[in-house]
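Residue numbers (the working numbering): 188 to 472.
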């Protein structure tokens with residue numbers, strides 16, 4: 188079983204290129220191409236603007252290829268990516284095709300694209316169906332992800348937040364290029380009335396990608412695994428039972444929050460150690 192982590196929070200400190208290098212040096216097998224920095228989005232006002240990130244420029248394919256080569260020199264590959272969100276925003280929606288193309292250029296096999304939280308499986312299928320020709324041209328699968336809304340002090344249901352909703356989204360397209368990325372942390376949130384192991388069992392071999400992080404069962408904290416309430420023994424047992432064969436990809440953004448540049452290597456190595464512990468648990472079953 189191979190391990191990966193997203194470059195996003197590392198790149199915020201040292202830039203994309205050095206982020207890939209840090210991930211390679213830490214002992215990961217792959218890197219997750221975070222593309223959210225393409226857009227500046229204000230969650231309070233919904234104001235949105237494109238940034239000066241190279242993925243927004245004319246040379247975006249060459250930039251993605253450059254990151255691919257940096258990774259290969261360090262002995263790692265790009266296994267997947269994450270497109271900007273929320274997709275209900277028109278400007279962000281316009282970035283999705285480019286995100287898929289950049290994924291392919293970087294060597295990634297899967298591009299995670301959030302569903303619109305407040306749309307049904309049939310409604311979200313319209314967006315995904317429009318993107319499938321691009322995905323097939325680039326040989327990149329699109330993965331939808333389990334989401335949540337927020338009501339009062341707890342998470343509340345959203346697109347793909349329950350086993351029934353997630354499977355309905357996959358059934359609505361019923362295409363080999365449309366798969367599941369299960370966010371382990373999201374499925375632990377109070378108010379959604381599910382669990383990571385229930386989601387894994389219900390989705391089965393449809394799960395082709397993971398977002399692994401920990402939390403307190405209430406807030407979407409994106410902490411390093413084994414620091415919160417998630418029972419990873421149950422998680423890896425469930426993944427083993429459904430014959431999961433993808434990467435163990437971490438998304439623990441908070442572990443790099445307020446991290447000084449001098450400690451980036453240490454923090455990324457801690458992530459790799461946590462990921463290796465998960466794979467050891469998986470392989471021992």
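Virtual Cβ for every residue (Gly too), placed ideally from N, Cα, C.
For residue 192, no alpha helix (DSSP H) encloses it; the enclosing beta strand (DSSP E) starts and ends at 190-193. For the 8 Å CB-CB criterion, residue 437 and residue 387 do not form a contact.
The residues 325, 326, 327, in chain order, have a CB closer than 7 Å to that of residue 291 in the same chain once the five nearest residues on each side in sequence are set aside.
Under the criterion of beta carbons closer than 8 Å, residue 237 and residue 203 do not qualify as touching, at roughly 16 Å.
Straight through space, the alpha carbons of residue 470 and residue 213 are spaced by roughly 21 Å. Per DSSP, residue 437 is one residue of the beta strand (DSSP E) stretching across 435-437. When DSSP assignments are scanned along the region 273-330, the uninterrupted stretches of alpha helix (DSSP H) that are 4 or more residues long and fall wholly within it turn out to be 277-280, 283-293, 308-325. Rounded to the nearest whole angstrom, the CA to CA distance from residue 391 to residue 380 is 19 Å. Residue 266 is bridged by DSSP to nothing; it lacks a bridge partner.
When the Cα atoms are used, residue 241 and residue 472 turn out to be separated by approximately 43 Å. CA-CA distance, residue 264 to residue 373, rounds to 26 Å. A straight-line Cα-Cα distance of about 10 Å links residue 275 and residue 233.
Taking the CA atoms as reference points, residue 406 sits about 9 Å from residue 340.
Residue 336 carries a strand assignment under DSSP once its states are collapsed to helix, strand and coil.
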